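Engineer: Below is a structure I'd like to ask you about.
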Amino acid sequence: MPSAGALVALVVLVTAGAALADEPAFKPARLVSRFEPQKPAAGGARSAPPERPTVQPAEQEEVYPTLDAWSDYFTPIRPEAGKKQKATIYITNSGDQCGDKGESNYKLPELAPLQTKAIKASWKVSETPGEAAVLVFIDSACTAFNSSAYFGQRFFYTMVVEAGTKYAYLEVATTFRSLADEDGGFTPTHPVPNGMYTANIPIVNLGTAPSEEGVKMGVYANYWQIPDNVSTDCTYPGEYSADIPKLAPGKTKVVAVEGIKAPKTNDGEAGIDVFLDVTCKLSPTPVGMWVKTTPKQPKINGTMTVKVKITNVGDAEGPVGRVVVFTTPLDYLDGLNYAIEYRCNPALPEWVPGSTYSFNTTDIVIKAGKSKTVKITDVPVPDTAGWWGLMVVPDADCVNAAQKDMWGAPLPLNVFEAVAP
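Residue numbers (UniProt numbering): 1 to 421.
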């Protein structure tokens, strides 16, 4: 595995257009590894996807990308016009044109195999409020890999707000899969059946103003206890609850939720669902983190239930319509929203293995600015044990007119482990 020295370029581009209709405009963003980018074309339209190279240059045949990247949250979540946004980007040596530079550029030192370096990056956003795209180019000089221009770029959308806008936005600082499996978020780390444990949950303020005292956090250890409208109703305290202390912008504190009862059996992980600001002191609806598959480890050749939270960020109510669920091997999940053919009546490309499941929700209508959790039952489980990815496409028939012109919109996704009976 070669060592790698590379430039990290970040470019901020302001794009025009309304907020995406199937994901909150202010959803926190992090970098993900090898996310296929699309630069806006003239007039704010999306350009065509780049051609995937079919032949490697002779001097680098059988050479693949060796740099992986991830980050913490990009903060503040809604940057003020003309001010800066920042993140810590971690790059690990795991293994349109080279030489482009961004508005912020960083030089990586040489990385030994499996070595990781953290870069504290920041960039100035547009002076004009509105939707913006932040493009990150890893190995922009293509010194570690000759096709980094294709594999090394990724981007996310952010919403630039007017200068002087102050707000608090609380979020769980890490995912619960990471919390439970890697970061030691549970005490004890592996609770015994029917025993008690404490969940140590790190909370970060992604806003630009301190949060208030008395913000409540609700925790559910049994997913069947979660009310269907918990993400839109401000009256559910949770099975367990805790107070979140006042948090300054950009700061993180660990909140301990004690006395959580573990499952009666030890045939799966002790998982929890967390909702922040359940009494809605900071925002109109609680912020939730969801486990989307039931059971968490479905049996191969069986069926499972998928729960997905769908938010209407448009300015008029609209039906959820037919929902399509794609199940694919993990290697094909990243960037799948750009590969899906036919936004209206979507289908997997021929080169993507997997299955497609359709579910009608003709009676579900979501008002502007509101969310609903849709339960999709009887989703087929693959016939091979292991980790799989799933992606959900709401309004697959484009009943809502705004969906017809969308390409590559961010779509809900998750992973699950299929197990043998």
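Backbone N, C-alpha and C define an ideal beta-carbon position, used for all residues, glycine too.
The model shown is predicted, which means the values in this text are computed figures rather than measured ones.
Excluding sequence positions up to five away, which residues of its chain have a Cβ less than 8 Å from the Cβ of lysine 86?
Structural biologist: Phe74, Thr75, Lys120, Ala121, Ser122, Trp123
Engineer: Any idea what DSSP makes of tyrosine 223, helix, strand or coil?
Structural biologist: helix
Engineer: Rounded to a whole number of angstroms, what is the C-alpha to C-alpha distance between serine 140 and tyrosine 106?
Structural biologist: Cα to Cα, the separation comes out at about 10 Å.
Engineer: Going by DSSP in three states, aspartate 383 sits in which element: helix, strand or coil?
Structural biologist: coil
Engineer: According to DSSP, simplified to helix, strand and coil, what is alanine 81?
Structural biologist: coil
Engineer: Counting pairs of beta carbons, one from the region 209 to 227 and one from the region 235 to 250, are three or more of them closer than 8 Å?
Structural biologist: yes
Engineer: When DSSP labels each residue in this structure, what does tyrosine 197 get in the three-state scheme?
Structural biologist: Reduced to three states, the DSSP call for tyrosine 197 is strand.
Engineer: Where are the alpha helix (DSSP H) runs, 4 residues long or more, that stay fully inside the region 229 to 272, in chain order?
Structural biologist: When DSSP assignments are scanned along the region 229 to 272, no uninterrupted stretch of alpha helix (DSSP H) that is 4 or more residues long falls wholly within it.
Engineer: By the 10 Å Cβ neighbour count, where 16 or more other Cβ atoms means buried, how is threonine 235 classified, buried or exposed?
Structural biologist: Around the beta carbon of threonine 235, fewer than 16 other beta carbons lie within 10 angstroms, which makes this residue exposed.
Engineer: Looking at the unbroken beta strand (DSSP E) that takes in tyrosine 357, where does it start and where does it end?
Structural biologist: Tyrosine 357 -> beta strand (DSSP E) spans 355 to 366.
Engineer: Ends of the alpha helix (DSSP H) at residue 428?
Structural biologist: It is not possible to answer for residue 428, since the shown part of the chain is limited to 1 through 421.
Engineer: Taking the C-alpha atoms as reference points, what is the distance between leucine 276 and lysine 375?
Structural biologist: 22 Å
Engineer: Between the alpha carbons of isoleucine 300 and alanine 418, how many angstroms are there, rounded?
Structural biologist: 6 Å
Engineer: Among Ser355, Ile364, Asn360, which has the Cα closest to the Cα of threonine 384?
Structural biologist: Of the candidates Ser355, Ile364, Asn360, the one whose C-alpha sits nearest the C-alpha of threonine 384 is Ser355.
Engineer: So, for valine 415: in the same chain, excluding its five sequence neighbours on each side, which residues have a beta-carbon less than 8 Å away from its beta-carbon?
Structural biologist: Leu330, Leu333, Trp387, Trp388, Gly389, Leu390
Engineer: Just the Cα atoms here: how many angstroms apart are serine 71 and leucine 108?
Structural biologist: 15 Å
Engineer: Answer yes or no: do alanine 256 and alanine 199 have a C-beta to C-beta separation smaller than 9 Å?
Structural biologist: yes
Engineer: Quick check: glycine 335 and alanine 396, are their CB atoms within less than 9 Å of each other?
Structural biologist: no
Engineer: Cα-Cα, which of Pro79, Pro421, Leu170 is closest to lysine 281?
Structural biologist: The option with the nearest alpha carbon to lysine 281 is Leu170.
Engineer: Kindly indicate which residue of Glu127, Ala368, Val323 has the alpha-carbon position closest to the one of glutamate 317.
Structural biologist: For the options Glu127, Ala368, Val323, the alpha carbon positioned closest to that of glutamate 317 is the one of Ala368.
Engineer: Can you tell me where the beta strand (DSSP E) with arginine 322 in it begins and where it stops?
Structural biologist: 318 to 329
Engineer: Going by C-alpha to C-alpha distance, which of His190, Ile138, Leu247, Asp273 sits closest to isoleucine 226?
Structural biologist: Asp273
Engineer: Please determine, among Thr279, Ala209, Lys264, Val278, the residue with the shortest C-alpha to C-alpha distance to glycine 250.
Structural biologist: Ala209
Engineer: Have a look at the DSSP bridge pairing and note the partners of threonine 303.
Structural biologist: Pro380
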